[in-house]
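These notes are about the structure you will find just below.
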Amino acid sequence: MINDAGLADFHAMQSIIGLRRLSPDVYLVAFDLLHLNGHDLRGMPAEDRREILQEMIPTGGHIQFSEALPGTGDAVYHLVDQRGLEGMVSKRKDSAYRSGPTNNWRKIKCFEEKEMEIIGVQRERGKAAQVIMAEQGRYKGGAFVSFKAEKRQALWDRVQGRVGGPVPKGHKKDKAKWLKPGLVGRVKTLRGEEKLRHARLLDYWESE
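The sequence shown begins at 293 in our numbering and counts up one residue at a time.
Listed below in C-alpha cells is the structure:
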C-alpha cells in the first residue's frame, strides 16, 4: 500500500489482507520473472529476466515494474534511508536465480531511533541483558544493553529504585523485573516493524 507521503506502507497492507474489498492504494510491484509460458528463466542473468518482465507490464496500472536505481550500493542505501523507507533489495545484475541463501541478492533493512519508556529489565546468566520498552503504554519488546561497564552499572543502580511496576496487560516474562514509570530510553531498531527487532539501547534518562 501507498501512504499519504507516497511511500510503501507494509503494515497498512497487512491490515487489509483477507478483506473482501480491494483498496485503490494497493499496488503489486514486480521485480523479477522466473518462468514464462512454460519456460524456465532462472538460468538467465537477472538483468535479462527483468528486461522481459518490464516489457510485459503496462504503464499506469496497479501492477508496476520495480525500477533499478543507478549508483553504488552505499549511495542507494543513503537515499532509501533518507526517504524513511524500510530498506532495499539489491541483486547482482549478471546473476542467475538460485533458491536458498546466496550473496547474489541481499535484503538490507534501515534502522531508526526512537524514544520510549523503559518498563522492565531482564537479566539472565549467559544471556545479553535487555531493557523492556513501551510506547504510549503499549509493550514494544526488548532492546539489548551493550554499554561499557560503568554506564551499565549506573543503569542497574537506577533500575533498583524503580522495581515494582505493573506487568503489561496480557504479557508474561517470568524473569523480568517490571519498573515504575519515569525512566526513558533511546533505542535503535529496525524501521517499519510493529515491535522492536534487533534493537539496542543507546541512552537513558529520567523523564521530567
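Ideal Cβ positions, reconstructed from N, Cα and C, are used throughout, including at glycine.
Distance between residue j and residue i (C-alpha atoms, nearest Å)
{"i": "M425", "j": "P350", "result": "46 Å"}
{"i": "V318", "j": "I355", "result": "9 Å"}
{"i": "P362", "j": "R430", "result": "41 Å"}
{"i": "Q445", "j": "V451", "result": "10 Å"}
{"i": "P460", "j": "D366", "result": "40 Å"}
{"i": "Q428", "j": "W470", "result": "16 Å"}
{"i": "N329", "j": "Q374", "result": "40 Å"}
{"i": "L326", "j": "L320", "result": "16 Å"}
{"i": "S391", "j": "I411", "result": "42 Å"}
{"i": "L488", "j": "L475", "result": "18 Å"}
{"i": "K419", "j": "K443", "result": "18 Å"}
{"i": "V455", "j": "K472", "result": "6 Å"}
{"i": "N396", "j": "S387", "result": "6 Å"}
Residue i versus the options, residue with shortest Cα-Cα distance
{"i": "G353", "options": "A322, L377, S382, T364", "result": "A322"}
{"i": "F439", "options": "A421, V455, G453", "result": "A421"}
{"i": "V479", "options": "D324, P393, G335, E407", "result": "E407"}
{"i": "L447", "options": "D495, P393, T394", "result": "D495"}
{"i": "V423", "options": "Y389, R492, R417", "result": "R492"}
{"i": "K401", "options": "A388, V372, G434, E343", "result": "V372"}
Residue i - DSSP class collapsed to helix/strand/coil
{"i": "Y369", "result": "helix"}
{"i": "V437", "result": "coil"}
{"i": "E442", "result": "helix"}
{"i": "A338", "result": "helix"}
{"i": "V476", "result": "strand"}
{"i": "V318", "result": "coil"}
{"i": "V459", "result": "coil"}
Assumed close pair residue i, residue j - CB separation to whole angstroms, cut-off 8 Å
{"i": "F357", "j": "L482", "result": "Going by Cβ atoms, the distance from F357 to L482 rounds to 27 Å, so no, they are not a contact pair."}
Any non-hydrogen atom of the ligand NAD closer than 6 Å to residue i Cβ
{"i": "S382", "result": "The model on display carries no ligand, and the ligand NAD is accordingly not part of it."}
Worksheet item: Using 8 Å as the threshold, is the region 334 to 342 in touch with the region 378 to 390, meaning 3 or more CB pairs across them?
Response: With a cut-off of 8 Å, the region 378 to 390 and the region 334 to 342 count as touching, because enough Cβ pairs lie within range.
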